[in-house]
Amino acid sequence: MSVLLLYLQYYLTLTIALHFQLTICVYASCKYDEFEIEDVFRNVSCGKCPSCPPGMGLTPQCGTFVNYGEKIECKPCELGKSFSPTHDIRSCLPCGICSDHENIKRNCSLMRNSQCEHGCGKGFYFEELTGDCQPCSFCFSYLSSCNVKNSEQEGCKDMPFYQQCDANAIGCQLLKCREDQYLVVTQEKGSAHCVNCKTCPAGTSPFPPCGKGTIINSIDDIKCINCSRGKTFSNQQSKQTCKACSTCSVGQKELTPCNLTHDRVCGQCEKGFYGSGETGCKPCSACCNDKDDVRIPECKMMTKNKQCSYTDRSITVCREQNSHRKIPQEKSSIIVILSTVMAVLFTIISTLVMIKLVKYRRSNRYQRSDSCAALLTSVEGALQGESITLEDPTTHCSQRTLHFDKSGVMIQFNDASCFFNDSQGIRLEICCDESSMHRESDEVQLSPVIKFHPFGKQLSEPVQVRIPHSALVYLSNGWDIKLKSSIPHKDSIAWKEENKFQVHNSEVSFQVDNLTSYVIIGTSRDKNKPTKKRFQCAVFGGVGTVGVDYTVYLYVFDDSESSFEKIMQAEKSTGRTLLGSPQSLYIEIIRINTKVNISVKQPVDGWIVGERRPEFITQASLKESYQTIPRATIQFKHDNGRNRDFLCILELTAEDTTTTICAVASIREDPFGKFQGRQPGCGNDSYPMVTGRNLCDPLIINQDKPSPCLKDLPKEAIKALCEKLDMPLKGVGNWRHVATSLGFTEEEIQIFRNEMLTSDGSPCTVLLEALMVKSPQFTVAEFVQILQARKIQRFDAVEVLEPHLHSYRE
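Each residue of the sequence shown is one higher than the last, beginning at 2 in our numbering.
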């Protein structure tokens, strides 16, 4: 018995000791930067928390208990939901959320939190007490029955005077008026009162709309405005807004249209439909030819298999049955004979018409003698030895239009009969010589002179003519655009201003029944507003030879098909071709003296920049661009005998606008073998011609040299790179194409895009931060290869990375 008691005492003592030891281990005190880590024997020890780079957070959170087998690691933050700004032991932090109506300065990214501006949107002010945006509220000082006052807010200054106060007033309510009353508030304190709405006659309605909390400053502000013709009506005196016009159902006849004072009146159903004016019309539908068919009396005029009611059964089961049923067709011999005779007659008539048309076109060649200086002279009476080219239109019969592709001019006929009767023989001449017309000193020509042939052709009905112009209308509202047409005046020509025409973003449209000559002119209507023209710039050059200097030709021409066509024909005759895609350039042409500066970025190895003539393009030459297209020549000298590729970037700057063009040319091998050699990075294989066209690879990457990681670039380089990629350029890729090439999902790209909606946002910056977290070892050389890919070709961004292409330690 005593032995048993001793064993029991020993067991209890051992159990208590083990429990006490385990308790001490479990609750061992670790530092704030340590984990409590459990091992396989359930012993607990303290372990140092590892640091994670920006954009990644520690999992699990530092200072917590880590069960045996649980992994401690750095995990990327979730884009748009969490972030980590520094290299430390913290887990990812949740993104801050800007309050409603608060302006977002910058969205949350993997490496930085959201940034909010205290400036709220229109109709809201920032409340310091609550730290969010509150709506601008009614100023209760205008209520005579309220003793509580609320204060005016600076953020509400753009609201009406009675709605510029805070929302902190308690105990006062806005005066409630009836549905047929306005609330009138004047500048005087305690002036708020209700006033009955104005009764307007039929066909009109009160404005502002009556009731529903509408506040006005004076009863004199109320006006009766007409209903919208064809959309709304008012058939009696009323204080309410106009009613919406009803619509006739499909297949229902319209007896009288909706006007200002009467609603639309619908009548009986048309053939093939049944029903009434009240229930609407439904189409006669297919029958199944069984006992369940419901045949409609109004559908008796239809075929036997299409006389039933419009039901789900008829449009599914019955229609399917009828589509597979063979319907017998009885054709008499007389019908067959008549059809054959008609087909033969149609073939004969069509053949005769084609023969006549061919003879007509042969007798009217495009090259005809004429003079652009005398727009009223006939084609036959032109000076002998001079020739012009008349543009033949492309005919669109279904749309009843004539479209002149080279000039962009279009003629729209109103009906088919006028189109077939009047469109025959109409051609067009583009006049660009200085004697075409006389301009005043303050006038700028916005189109070439367009002369129609036959000159003065009289049309049976007016047609709409559309002529392109080169004014930047939607961003430059200082233009006063005019349309001029030529009229006979003794033995010379005279120009008059047309009064009826419409100005669109890129063209002018007008109605005319007599085709003469036309030109678009622009003047400045306000010296304080911009008057910019839309220009294009393009680079041309020939096929060069190794060891021989190379010259490129830069044109700045009006954004019109005729100017570009003129350049293309002239350059083609000299054997030169386009070296890169044309780029847009918007230039101030009247308000200030603007010039286009031309600079050449560092060309590919083997070439140095020589003489430029001229070094800039003057505003005077830009004003005369329809007569003489401004051109600059740039010479490049070879500095070794291995320059088999030619590539450079031309930068054009005009005031606040900058455009870059990537020019790539073909360089032939030296035919006499004078300059033997091998281009760095190429094989020993010889080839007759090397062309960089469409490859545009100005930066040769040496794979033997190490390249630094993108995350190690200086902040200034990242900022300069993103300034380039955030700016869209015509004809090349942007940050979105880069993101797609890097394998980001559409959801992630949408998060990058949201940066464009903020004041200081940069899609490229968020993209690069995500890339550095996703692939920390991604190198500068790898990123350059993506920028130089065929679908992106952002050589302006490559130029930023070029100094950082290889590691500094070599």
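Don't be surprised by glycine CBs; every beta carbon is placed ideally from N, CA and C.
Just mark residue i as buried or exposed, buried being the case when its beta carbon has 16 or more other beta carbons within 10 Å.
i: Y143; result: buried
i: C195; result: exposed
i: T661; result: buried
i: C723; result: buried
i: R694; result: Only weak support exists for where R694 lies, its pLDDT of 32 falling under 50; the coordinates are left without a value.
i: A287; result: buried
i: V149; result: exposed
i: T532; result: buried
So, helix, strand or coil for residue i, using DSSP?
i: L806; result: coil
i: V739; result: helix
i: Y556; result: strand
i: V318; result: helix
i: P284; result: strand
i: D221; result: helix
i: G545; result: strand
i: T233; result: strand
i: P136; result: strand
i: F453; result: strand
i: E572; result: helix
i: G97; result: coil
i: T578; result: strand
i: V464; result: strand
i: T766; result: helix
i: S448; result: coil
i: S92; result: coil
i: G156; result: helix
i: D705; result: coil
i: D291; result: coil
i: K501; result: coil
i: K675; result: Confidence in K675 is poor, its pLDDT being 45 and thus under 50, which makes the residue's placement unreliable; the coordinate value appears in the next sentence. Looking at K675 - three-state DSSP - the assignment turns out to be coil, as it is neither helix nor strand.
i: A798; result: helix
i: V540; result: strand
Identify which residue in the options has its Cα closest to the Cα of residue i.
i: F558; options: E79, C47, D167, V597; result: V597
i: S146; options: C173, S418, R265; result: C173
i: D294; options: M302, G122, D313; result: D313
i: K49; options: V41, Y33, G58; result: Y33
i: I297; options: R632, C157, Y275; result: Y275
i: F139; options: Q116, I216, S286, P209; result: I216
i: H454; options: D393, C117, K483; result: D393
i: Q465; options: R401, L769, F208, V45; result: R401
i: S448; options: T257, I350, L623, C663; result: L623
i: L714; options: I73, W736, F779, A740; result: F779
i: V266; options: G732, C249, C282, R535; result: C249
i: G227; options: G214, G212, S219, K244; result: The question names Gly, but residue 227 in the sequence shown is Asn. Selected option, being the one with the closest Cα: K244.
i: K638; options: G548, A472, I593, L743; result: G548
Counting along the chain, where does the alpha helix (DSSP H) carrying residue i start and finish?
i: L623; result: 620-624
i: P54; result: P54 -> no alpha helix (DSSP H), and no H or E assigned at all.
i: K254; result: Run containing K254: none in the alpha helix (DSSP H); it sits in the beta strand (DSSP E), 253-257.
i: F162; result: Unbroken run through F162: none, as it is neither H nor E.
i: V185; result: Element bounds for V185: not the alpha helix (DSSP H) but the beta strand (DSSP E), 182-185.
i: Q786; result: 781-788
i: L722; result: 716-726
Considering residue i, what are the terminal residues of the beta strand (DSSP E) in which it resides?
i: N422; result: Where N422 is concerned, there is no enclosing beta strand (DSSP E), although the alpha helix (DSSP H) it sits in stretches over 417-423.
i: A664; result: 658-669
i: C47; result: 45-49
i: Q636; result: 632-639
i: E37; result: 35-39
i: I591; result: That residue, I591, is in no beta strand (DSSP E); it is neither H nor E in DSSP.
i: R428; result: 428-432
Touch test, the segment 577-588 against the segment 507-522, Cβ-Cβ under 8 angstroms, three pairs minimum: no
Please determine if the segment 494-505 and the segment 545-565 are in contact, where contact requires at least 3 C-beta pairs separated by less than 8 angstroms. no
Could you check whether the segment 793-800 touches the segment 74-89, counting it as contact only if at least three pairs of C-beta atoms, one from each stretch, sit closer than 8 angstroms? no
For the pair the segment 196-208 and the segment 231-243, tell me if three or more CB-CB distances fall below 8 angstroms. yes
contact_flag[the segment 570-579, the segment 539-556] where n(CB pairs < 8 angstroms) is 3 or more: yes
Is it true that the segment 525-538 meets the segment 599-614, where meeting means three or more beta-carbon pairs spaced less than 8 angstroms apart? no
Tell me, please, whether the segment 215-226 touches the segment 185-200 by the rule of three or more beta-carbon pairs shorter than 8 angstroms. yes
Count Cβ pairs between the segment 127-143 and the segment 153-171 that sit closer than 8 angstroms; are there 3 or more? yes
Flag this pair as touching only if the segment 61-70 and the segment 714-730 have three or more C-beta atom pairs under 8 angstroms; answer yes or no. no
Tell me, please, whether the segment 651-666 touches the segment 530-540 by the rule of three or more beta-carbon pairs shorter than 8 angstroms. yes
On the three-pair Cβ rule with 8 angstroms, is the segment 409-427 touching the segment 477-485? no
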